[in-house]
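J.: Each residue of the sequence shown is one higher than the last, beginning at 0 in numbering that gives the first Met the number 0.
Even for Gly, the Cβ is constructed at its ideal location relative to N, Cα and C.
Values in this document were obtained by computation on a predicted structure and should not be read as measured data.
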Amino acid sequence: MVPGKRPIAIVLLALCIPVCALCFTGCQMAAPLALTSTSMGVAYYYMNMTEKTCVYDLDTMNKASLLTLKRMGFTIGDQSKDADGDRKIKAKTEELAITIKLKKITPKCTKIKVTVSKDVFVRDKATSAEIILQTEKTAELMRMR
Numbered sequence: 000m001v002p003g004k005r006p007i008a009i010v011l012l013a014l015c016i017p018v019c020a021l022c023f024t025g026c027q028m029a030a031p032l033a034l035t036s037t038s039m040g041v042a043y044y045y046m047n048m049t050e051k052t053c054v055y056d057l058d059t060m061n062k063a064s065l066l067t068l069k070r071m072g073f074t075i076g077d078q079s080k081d082a083d084g085d086r087k088i089k090a091k092t093e094e095l096a097i098t099i100k101l102k103k104i105t106p107k108c109t110k111i112k113v114t115v116s117k118d119v120f121v122r123d124k125a126t127s128a129e130i131i132l133q134t135e136k137t138a139e140l141m142r143m144r
């Protein structure tokens, strides 16, 4: 190497590092925003469902859920029962997909969890809350008969 002459790679590297440092300083600000928006999205996805524990047995809540969905004009789809006896009811409209999960807490208490979604990301908490309210009213009417 000739004294006073530096290889071109070292010169380019010496110039690139400060330029990159200046160009990418915004990444420090963007990272927390990206993480915050991701956590907000996850919270929205999991929090925009409605659940409640009701003082009705599992069979009553299952029948009341089906009657409520029919009365509200939803088309009932798949119904399933898992190994623990918990129930899952699916329904739909032109725009919405409804999933109702019923879990036996005690012989007289059932947890109902309703998720209403428009697509993969959009949830409708108001409709899910109304389905639970109407299901409880239907179960109460069934108990009085």
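1. Over what stretch of residues does the beta strand (DSSP E) that includes GLU50 continue unbroken?
2. Measure from the alpha carbon of GLU197 to the alpha carbon of each residue in LYS117, VAL119, LEU101, VAL115, then state which is nearest.
3. In or out: ASP77 buried (at least 16 other Cβ within 10 Å) or exposed?
4. Please report the residue range of the beta strand (DSSP E) in which LEU101 lies.
5. With a threshold of 16 other CB atoms inside 10 Å of the CB of LEU140, please say whether the residue is buried or exposed.
6. By alpha-carbon positions, which one of ARG142, LYS117, CYS53 ends up nearest to ALA90?
7. Just how far apart, CA to CA, sit ILE97 and VAL113?
8. Just to confirm my understanding: we take LYS103, look at its own chain, exclude 5 residues before and 5 after, and list those with CB closer than 7 Å. What are they?
9. Taking only three categories from DSSP, how would you classify ARG142?
10. Which residue from LYS51, ILE111, THR59 puts its Cα closest to that of ARG142?
11. Can you look up THR114 in the DSSP assignment and give me helix, strand or coil?
12. Exposed or buried, which one is THR67 when buried takes at least 16 other CB atoms within 10 Å?
13. Does DSSP put ASP123 in a helix, in a strand, or in coil?
14. Per DSSP, ALA90 forms a beta bridge with which residues?
15. Can you tell me where the alpha helix (DSSP H) with ALA63 in it begins and where it stops?
T.: Taking the structure as given:
1. For GLU50, the enclosing beta strand (DSSP E) starts and ends at 49-53.
2. Residue coverage of the chain in this structure runs from 0 to 144, which leaves residue 197 outside it and unanswerable.
3. With fewer than 16 other beta carbons inside 10 angstroms of its own, ASP77 counts as exposed.
4. Segment 96-105, the beta strand (DSSP E) holding LEU101.
5. Classification of LEU140: exposed, given that the 10 Å Cβ count is below 16.
6. For ALA90, the closest alpha carbon among the candidates ARG142, LYS117, CYS53 is that of LYS117.
7. Distance between the alpha carbons of ILE97 and VAL113: 7 Å.
8. Excluding positions up to five away in sequence, the list reads LEU57, GLY84, ASP85, THR109.
9. Of the three classes helix, strand and coil, the one that applies to ARG142 here is helix, per DSSP.
10. Restricting attention to LYS51, ILE111, THR59, the CA atom closest to the CA of ARG142 is found in THR59.
11. Three-state result, THR114: strand.
12. With a threshold of 16 other beta carbon atoms within 10 Å, THR67 meets it and is buried.
13. Correct three-state label for ASP123: coil.
14. In DSSP, ALA90 forms a bridge with ILE75, ILE97.
15. Where ALA63 is concerned, the enclosing alpha helix (DSSP H) stretches over 57-70.
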